[in-house]
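Residue numbers (the working numbering): 3 to 458. For glycine and all other residues, C-beta sits at the position ideal for the given N, C-alpha and C.
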Amino acid sequence: MRTILKKASIMLFALLIASCGGKTKKATTEATEEAKVATLEIEKPQLTFGFIKLTDMAPLAIAKEKGFFEEEGLFVSVEAQSNWKNILDRVIDGQLDGSHMLAGQPIAAGAGFGRQAELVTPFSMDLNGNGITVSNDVWSKMKVNVPKGADGKPVHPIKADALKPVISEYKNSGKAFKMGMVFPVSTHNYEIRYWLAAAGIHPGMYTKDNVQGQIDAEVLLSVTPPPQMPATLEAGTIYGYCVGEPWNQQAVFKGIGVPVVTNYDIWKNNPEKVFVMTKQFVEENPNTAIAVTKALIRAGKWLDEPSNRAEAVKILSMSQYVGADEAVLANSMTGTFEFEKGDKRSMPDFNVFYKYNATYPFYSDGTWFLTQMRRWGQIPEAKPVEWYAKTIKDIYRPDIWEKAAKLLVAEGHIPAADIPVTDGYKPATTDFIDGTKFDAKDPIGYINSFSIGNKD
């Protein structure tokens with residue numbers, strides 16, 4: 003049966019090419035080479051993937067539950083892990099074949115911060131999906147600094163300017179202002195730093211000898227695993243945090259905190275998690291890597307059909323996946339986001355899994371993380387502009403994604419128009435909360451444009 007399916011995919015691919023007409027011999031040869039990929043056997047069909055209990059692990063759960071992995075000849079176990087360091091170590095050590103991972107993790111592993119390894123990402127798991135939540139006490143003090151709309155509700159996005167006097171009040175009473183994020187190279191760390199620094203609040207620097215990132219800090223940021231965020235906030239150990247869903251909505255649900263801003267507002271349609279394998283695994287199992295990517299792309303597409311979100315919430319609520327209440331998951335997964343209790347707003351793009359080329363691993367997305375690592379001192383020395391491009395091209399692998407996507411087009415699973423025509427870099431953008439322009443082809447100019455942080 004599997005052989006018949008593969009032969010069918012070859013015929014479908016050949017028909018697709020023939021229907022275009024007028025193609026050069028070279029294009030036909032390239033198409034034939036792509037079709038050959040479908041005839042190759044999967045090198046490693048039994049796979050184990052890891053994840054952290056967050057909404058954005060959804061492509062893994064859906065690829066498994068909807069049978070997309072099996073249709074690729076893959077038999078996958080998907081296992082929850084305790085924390086991000088554990089995930090990184092287990093992938094590097096070969097205990098996991100791949101994993102849901104923070105975008106910054108494979109980048110840091112190849113750029114000189116933390117444990118070093120050759121990791122690659124052929125698939126971006128989602129856009130947006132994070133928020134910054136503060137305790138009820140902090141919110142009551144922030145709220146007076148936030149403008150109100152005609153409806154009497156706070157005007158969004160809420161900038162950290164509203165938090166600045168609260169931090170000063172804590173400092174004057176002899177208390178350090180503490181906030182949590184999930185990992186030193188997490189999007190959350192860079193997002194909360196960006197949000198704070200945009201308001202002139204120093205979030206602290208890293209040095210070669212000080213990896214806490216709290217030098218000159220006005221806000222002390224520390225690591226807390228995502229599922230523990232609400233309990234840590236409730237205990238008063240931290241006064242706020244940046245985390246992915248469902249842990250901001252859990253604070254609302256429990257009545258212990260208020261989300262004040264989402265990362266959609268900090269950087270519109272920003273990249274979030276990625277799927278990561280070792281370079282060695284991809285080199286030894288190239289067809290397996292393509293097959294995995296195919297299944298995940300299909301899962302992303304399925305997830306972005308609005309009619310599928312309710313079913314996705316049900317699947318994610320299962321104990322082996324996120325394990326949160328359906329009501330909490332639905333607060334963000336079904337196109338809304340609740341800020342202050344009862345202040346539920348339409349946010350159709352809070353969780354994006356396929357639209358806007360969400361699954362494509364753009365070099366520009368990875369470059370942004372490198373600029374933040376340099377800005378805050380995780381990369382302690384200045385690097386030439388060429389280093390940024392070379393480093394990210396060793397880690398982000400759109401070539402694998404493109405092979406997978408072309409096969410999906412040939413099989414009729416996605417339209418050809420969903421494959422971006424790109425050199426791997428998105429156009430320059432000002433879609434940030436402070437309007438600063440980011441051009442991934444000028445990373446040094448971008449780093450130097452900020453008043454807080456390293457200068458090169």
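### Query
What's the gap between the Cα of Met207 and the Cα of Val354?
31 Å
### Query
Do the CB positions of Asn265 and Asn132 come within less than 8 Å of each other?
yes
### Task
Identify, in the order they occur along the chain, each residue of the same chain with its Cβ nearer than 7 Å to the Cβ of His102, setting aside the five sequence neighbours on each side.
Gly52, Phe53, Ile54, Met59, Leu62, Met127, Lys275, Phe277
### Spatial distance of Arg92 from Leu98 (CA atoms)
6 Å
### Message
Suppose contacts are defined by Cβ-Cβ distances below 8 Å. Is Ile109 in contact with Leu76 by that definition?
### Response
no
### Task
Grab the span of the beta strand (DSSP E) containing His102 for me, first residue to last.
100-104
### Task
Please state whether DSSP places Arg92 in a helix, a strand or coil.
helix
### Query
Do you know offhand how far Tyr448's Cα is from Ala219's?
22 Å
### Query
If you scan the stretch 246-280 from start to end, which runs of the alpha helix (DSSP H) of 4 or more residues do you find wholly inside it?
249-256, 265-268
#### Entry: Contact belief for Ala406 with Thr295 at Cβ below 8 Å, rounded distance in angstroms
4 Å
### alpha helix (DSSP H) segments (min. 4 residues) lying fully within the stretch 163-196
166-174
### Task
Check each candidate in Ala253, Ile268, Asp267 and name the one with the smallest Cα separation from Glu261.
Per the sequence shown, the amino acid found at residue 261 is Pro instead of Glu. Per the Cα distances, Ala253.
### Message
If contact is defined by three or more beta carbon pairs under 8 Å, each pair taking one atom from either stretch, is the stretch 79-92 in contact with the stretch 233-240?
### Response
no
### Task
Taking only the alpha-carbon atoms, compute the straight-line gap between Asn359 and Tyr172 and give it to the nearest angstrom.
43 Å
### Query
Mind checking whether Trp197 and Ile435 have CB atoms under 8 Å apart?
yes
#### Entry: Supposed close pair Thr459, Ile94 - CB separation, criterion 8 Å
A question about residue 459 goes unanswered here, because the residues of the chain that appear run from 3 up to 458.
### Assigned secondary structure, Lys1 (DSSP; H/G/I helix, E/B strand, else coil)
With the chain covering only 3 through 458, there is no way to say anything about residue 1.
### Burial state of Asn456, where buried means 16 or more other Cβ atoms lie within 10 Å
buried
### Task
Please look up how many angstroms separate the CB atoms of Phe371 and Tyr192, rounded, as I've assumed it's under 8 Å.
7 Å
### Task
Would you grab the beta carbon distance between Glu328 and Lys343 for me? Rounded to a whole angstrom, and I think it's under 8 Å.
No, Glu328 and Lys343 are not in contact; Cβ-Cβ is about 19 Å, not under 8 Å.
### Three-state class that DSSP yields for Asn132 in the structure shown
strand
### Message
I'd like the span of the alpha helix (DSSP H) that includes Gln48, first residue to last.
### Response
Where Gln48 is concerned, there is no enclosing alpha helix (DSSP H), although the beta strand (DSSP E) it sits in stretches over 48-53.
### Task
To the nearest angstrom, report how far apart Asn460 and Val148 are at their CA atoms.
Beyond the ends of the chain as shown, which are 3 and 458, falls residue 460; an answer cannot be given.
### Inter-residue spacing [alpha-carbon to alpha-carbon] between Lys150 and Val221
26 Å
### Query
Taking the alpha-carbon positions, what's the Thr432 to Thr438 distance?
5 Å
### Task
Can you have a look at Arg347 and say buried or exposed, based on whether 16 or more other CB atoms are within 10 angstroms of its CB?
exposed
### Message
Going by DSSP in three states, Met375 sits in which element: helix, strand or coil?
### Response
helix
### Query
Does the beta-carbon of Lys408 have 16 or more other beta-carbons within 10 angstroms, so that it is buried, or is it exposed?
buried
### Query
Is the Cβ-Cβ distance between Ala442 and Lys68 less than 8 Å?
no
#### Entry: Segments of 4+ residues assigned as alpha helix (DSSP H) that fall wholly inside the stretch 297-341
311-318, 328-335
### Query
If you compare alpha carbons, which of Asp345, Ala119, Phe364 is closest to Asp401?
Phe364
### Reduced DSSP secondary structure (H/G/I, E/B, other) of Gly368
helix
### Query
Cα separation between Ile169 and Trp389?
38 Å
### Message
For a quick check, are the C-beta atoms of Ala326 and Pro248 less than 8 Å apart?
### Response
yes
### Task
Starting from the C-beta of Val225, find all residues in its chain whose C-beta is less than 8 Å away, skip the five residues before and the five after it, and write them out in chain order.
Gly182, Met183, Val184, Phe185, Pro186
### Query
Where do the ends of the alpha helix (DSSP H) carrying Thr234 lie?
231-236
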